[in-house]
Amino acid sequence: MSNIISELTPLEIKVFPLLVKESELDKIVKETGLKDIEVQRAAQWLSNKNLVKLEKQEEEFINLDINGVEIKEKGFPEKRLLKLIEKNNMKRSEILKELSSDELNVSIGLLKRQKALNIEKENELIFSITKEGILLIKEKNDLEVFLENIFPISVNKLNDKDKKAMNELLSRKNILKKDKKTYWFAHITDKGKEISKEIGKDSLKYEEKLSSSMLKDGSWKNKKFRSFDINSKVPRINKGRKHFVNEAIEYMKSLWLEMGFEEMDGTESQSAFWDLDALFVPQDHPAREMQDTFYLDVEKSKIEPDLFKKVKSVHEFGGETGSKGWKYEFSKDISQQTLLRTHTTVLSAQTISKLKKEDLPKKFFKIGKVFRNEAVDWKHLFQFQQVEGIVVDLDGNLAKLKGYLKEFFGKMGYTDVRIRPAYFPYTEPSAEVEVYHPGKKQWIEMGGCGIFRPEVTKTLMGFECPVLAWGLGMERIILAYYELTDLRDLYRNDLEQLRNMKSFLK
Amino acid sequence: MPTIKLNKERVKELIGKDLSDEELKEIIPYLGTDLEEITSDEIIVEIFPNRPDLLSDEGFSRALSSFIGNKIGLKEYKSEKSKYDIFIKKEVKDVRPYTACAVIKGLKINEEKLKNIIEIQEKLHVTYGRNRKKCAIGIYPMEAIKWPITYTAKKPEEISFVPLEKSVEMNASQILLEHEKGKDFAHLLDGKKLYPIFMDANNEILSMPPIINSHKTGKISESTTDVFLECSGFNFDVLSKAINIVVSALSDMGGKIFDVNLFYEQDPLGKLTTPKLESNKSFLNKNYIKKYLGLELSDEKVVECLEKMGFGVNIQKHFFDVFVPCYRSDIIHQIDLVEDIGIGFGYNNIESDDNRTYSLGKENYSEKIFKKIREHFVGLKMNETNTYSLVSKDIQNKLVDNVVFVKNALSSEFNSLRRNIMINLLHNLKNNKMYDYPQNFFELGVIFKKDNSEFTSIKESNSLAAIFCSENVNFTTAKQHLDSLFQDLNLDYKIEKDENNIFMSGRTGKIIFNGKIIGFVGEISPKAISLFDLEMPCSGFEIELDNIISVLKENNK
């Protein structure tokens, strides 16, 4: 028994003795000034310990609706109509000064049935009262008696006569409305009765909190401490978290670093020259059009003249790369447009342009934002993250490229990688990367890869060198991991979501 | 990239093999096209822009039949000499200077074929022709034309004819203003004093390229058997390839190819004939194949792979002579042949090579600092956000200057580059209004401002912003957090009183580090708070990190 008492919370100790005298929870709320939810909770806990038994009672109430309130004040419209025409016949237009047309129409129906009214038609309708009508004015009917009650009124407490009146009134528009109220009762059990006698005894007083003063003066030695229900739910801690996408990026970055890759750096705004021309994307390529790329409203970009000449000639006739080029007139204006980078490959182009032959082999990566001018929906964003990687190695080739991708995706938990032909203006061979998801048992497209064209490498580096390159969509990997389907969920920055996302672990 | 619907039965007939849907699904993706779907009667594929020759049932089947080993090697097309002459006047020089032409006879056109021919024309217009800018193709029934033809340019008011599918004559300006196609493509003739036309010996206008044909002389029908083809644009080689692509497909349909003699009045080209259907000889270095693919292939294997891809090959000692068919426009470097060898070999047959040279990983120093800062703020129970670099111009205009605007944004919510992150964080508080306070956020990211001293005329900086929002926040909250960050980084800063649009007058200052202004701190002004529909006090700071990072790098060397 003392075990149970030692587990009682202060709230239960407050509420429990009251339940001995009063079982209705609403009344206890009023008596104690405790909150509704506190009393409810205490009763629930006591019930869990079998000290009380909970009972729920529902009661139906009847209350006045809008029209009911008005009728209670002014009387029923049919009665008011009769009173109007009691002495003199009246025209419809005169009556409408006192009654609304709705009220008049209802009254006509009711009174005609009771033969209390005559209507004649001259220029307009004229109303007169009958003998039956005069009688009706004098007596107070059941409906009027019913409305004299104080509302709300419990349906259970009504007698048959009242109920009949109630049903009749319910059939009329907006006079009465029904409400339900739930009452909770906590009936004390036999076990509860025994326990209640013990509560309050000094020998069974339990301390809620161990305080510093008890520790200072040693009084804790003579005290008992309440035993807690250690399985009960506790309030959540509001924690601080990294953004889950950034966490995933950090993780993937660590994989590339482990694999011996150097991180690249560079700006999000770029010239069309670096983003596209340097990568041998022809200036009339459909992807460069306004609807695919964000162009920025600033002064023309500046371009290094020597490199500009080289890139121009490689586009026009292949320059010194052994290529025929794209055969068109290269435009400086188009080159000088400023845009938001459409791919992180622009960083690869800038990086290799700074390399010397004796630096090789080199491996680089970047996980960075890229932009496409698209309307946002569940599978399109105008801004997303690309996982870019290059291996600049005179001994690099397509088979090795496949090897690097296999290693990275292996570390990400994908058991197999396959490639199939694709097309990008700056790589040849080009391929689409697919990885095998062992859980879903299916192949997922992850992005593009290839080897930079000689038109790119020879122009930017001064010598031809296979540069293995890939640009992977990071969002796909994250969506799969967090089992999300809507891309927008990644950048919603909803506080609850930010706090509660699981950690990115592989 | 264009998606095309191929007639499944026609493809099977052309390749001469009855492949099952499963087999087609296995093979097509490895041919170098993206397979979208196979339905009961169609094969839907996405054609990559480098292979316009695959944009027809005929062209696609030609590649597929050779890829499966059915009709391998170089496919040659021949044209017959003719007396069809076309005179290209000097007037077109500044308008649309070149054309390449051909005549096809003996086509048995039915409804299906007619549809296919128009489809090839349309798809080439959109892709290879860059919406008719780079090249536009016209097809005319021979029976309506009196040879020779003239390609010239005239003033718009001198050009008048009944455009295709219309019943009344219109002049050139009317066509560009009123006709559907005229309106769509009018921009291609913008600023031209003369408009180009093809005209026959009766001075009957055949068409006004790249806009529209004449109804009288430029409409092919099911009764047409012989057609005149022209292609107009700005580079003769480009046009010549386009004509070859159409001609080879029509020849595969059963047509016979005839030359057209071109007489250029004022151009180094002078007199020549098209189509030029000879294959092009290219050299392919043997070492080059292994270098890029990493495959050890015998000469015979290389020949097999190239023939599967439709090339002709002669083996030489150190190289191959490769004969590129007339319809391939994408072989501009020997690397393009290497890729086709890879495709012929099968990308799925290439084993990954895991040998690699040793190298050390290296993280950007700035990223290391970002990681530290993240840890710092997470330890202070703040939540990191990751918001867009694009924000509303209207809002930025109210709060900051030197903002970079986007020229062609689709949405007024995202039409300028963020000048600071604080605006994103305020916006983010607005999005989280339904949750309890306190709400404390931080973000690391790039901010942008106009700066003509930069190459791109835009200065980008790495920035850190933090915002605190609850009933009890004030200037002290922001400064405490700023202090604690600098203490962690073992650096000093100063604050000087300042005024700006985001913060409350008298409760804000600029942050000075190493003698430079790097940011601001303060209580957010009620005006700014209400601009974001918030009803809760906020304070915060934002600092540009680049200076701090370089000092840290120096200090910790």
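Which chain is which? The protein sequence lines are A and B, in order.
The opening residue of the first sequence carries number 1 in our numbering; numbering runs sequentially from there.
The opening residue of the second sequence carries number 1001 in our numbering; numbering runs sequentially from there.
Positions of the beta carbon are idealized from the N, C-alpha and C atoms, including for glycine.
A quick note: this is a predicted structure, and the numbers were derived from the prediction, not measured.
For residue i: DSSP bridge partner residues
{"i": "A:W184", "result": "A:K56"}
{"i": "A:H437", "result": "A:Q442"}
{"i": "A:Q386", "result": "A:G368, A:G473"}
{"i": "A:C449", "result": "A:A431, A:W470"}
{"i": "A:H380", "result": "A:D377"}
{"i": "B:C1231", "result": "B:A1100, B:I1137"}
{"i": "B:C1538", "result": "B:C1469"}
{"i": "B:N1364", "result": "Answer by DSSP bridge pairing: none, since B:N1364 is not bridged."}
{"i": "B:Y1264", "result": "B:I1088"}
{"i": "A:Q350", "result": "Answer by DSSP bridge pairing: none, since A:Q350 is not bridged."}
Span of the beta strand (DSSP E), counted from its first residue to its last, around residue i
{"i": "A:R420", "result": "416-421"}
{"i": "A:L340", "result": "338-340"}
{"i": "A:L117", "result": "117-121"}
{"i": "A:A469", "result": "467-473"}
{"i": "B:D1034", "result": "1034-1038"}
{"i": "B:K1314", "result": "The sequence as given places Asn at residue 1314 of chain B; Lys does not occur at that position. Segment 1312-1315, the beta strand (DSSP E) holding B:N1314."}
{"i": "B:D1321", "result": "1319-1324"}
{"i": "B:R997", "result": "Because chain B in this structure spans residues 1001 to 1557, residue 997 of chain B falls outside the shown range and cannot be described."}
C-alpha gap between residue i and residue j, whole angstroms
{"i": "B:R1132", "j": "A:F330", "result": "18 Å"}
{"i": "B:S1359", "j": "A:W378", "result": "40 Å"}
{"i": "A:V376", "j": "B:D1237", "result": "41 Å"}
{"i": "B:T1099", "j": "B:P1268", "result": "14 Å"}
{"i": "B:I1038", "j": "B:G1016", "result": "19 Å"}
{"i": "B:I1047", "j": "B:P1029", "result": "11 Å"}
{"i": "B:F1228", "j": "B:V1103", "result": "5 Å"}
{"i": "B:P1209", "j": "B:F1198", "result": "8 Å"}
{"i": "B:I1343", "j": "B:V1313", "result": "16 Å"}
{"i": "A:L104", "j": "A:L111", "result": "10 Å"}
{"i": "B:K1384", "j": "A:V245", "result": "Going by the sequence as given, residue 1384 of chain B is Glu instead of Lys. Between B:E1384 and A:V245, the C-alpha separation is close to 10 Å."}
{"i": "B:E1230", "j": "B:G1138", "result": "5 Å"}
{"i": "A:D393", "j": "B:F1311", "result": "30 Å"}
{"i": "A:E194", "j": "B:Y1435", "result": "46 Å"}
Any chain C beta carbon closer than 8 Å to residue i
{"i": "B:E1460", "result": "The chain labelled as chain C is not found among the protein chains of the depicted structure, namely A and B."}
Beta carbon of residue i nearer than 8 Å to that of residue j
{"i": "A:Q383", "j": "A:K369", "result": "yes"}
{"i": "B:D1492", "j": "B:F1520", "result": "no"}
{"i": "A:D297", "j": "A:S335", "result": "no"}
{"i": "B:I1331", "j": "B:S1282", "result": "yes"}
{"i": "B:Y1151", "j": "B:T1217", "result": "no"}
{"i": "B:F1405", "j": "B:V1391", "result": "no"}
{"i": "B:A1465", "j": "B:E1443", "result": "yes"}
{"i": "A:L405", "j": "A:V391", "result": "no"}
{"i": "B:N1408", "j": "A:N493", "result": "no"}
{"i": "A:A431", "j": "A:I444", "result": "no"}
{"i": "B:C1135", "j": "B:L1262", "result": "no"}
{"i": "A:F261", "j": "A:G389", "result": "yes"}
Residue range of the alpha helix (DSSP H) that includes residue i
{"i": "B:I1245", "result": "1236-1252"}
{"i": "B:V1521", "result": "Note, B:V1521: premise wrong, no alpha helix (DSSP H); beta strand (DSSP E) at 1516-1524."}
{"i": "B:R1010", "result": "1008-1015"}
{"i": "A:E258", "result": "244-258"}
{"i": "A:P425", "result": "Where A:P425 is concerned, there is no enclosing alpha helix (DSSP H), given that its DSSP letter is neither H nor E."}
{"i": "A:V155", "result": "Careful: A:V155 lies outside any alpha helix (DSSP H) and carries neither H nor E."}
{"i": "A:L104", "result": "101-113"}
beta-carbon residue i near the ligand ZN non-hydrogen atom, thresh 7 Å
{"i": "A:E464", "result": "The ligand ZN is not part of the structure shown, which contains no ligands of any sort."}
Neighbouring residues, chain B, relative to residue i (Cβ below 9 Å)
{"i": "A:D529", "result": "Chain A is shown only over 1 to 506; residue 529 of chain A falls outside these bounds and no answer can be derived."}
{"i": "A:D393", "result": "R1356, T1357"}
Cross-chain neighbours of residue i in chain A, by beta carbon under 9 Å
{"i": "B:N1348", "result": "R418, I419, R420"}
{"i": "B:H1376", "result": "Those do not exist, as B:H1376 stays about 10 Å from chain A at its closest Cβ, beyond 9 Å."}
{"i": "B:P1049", "result": "H285, P286, Y423, P425"}
Interface residues of chain A facing residue i [CB-CB closer than 7 Å]
{"i": "B:Q1439", "result": "L495"}
Proximal chain B residues relative to residue i, where beta-carbon distance stays under 7 Å
{"i": "A:H243", "result": "E1384, T1385, N1386"}
Chain B contact residues for residue i, given Cβ-Cβ distances below 8 Å
{"i": "A:S271", "result": "F1455, T1456"}
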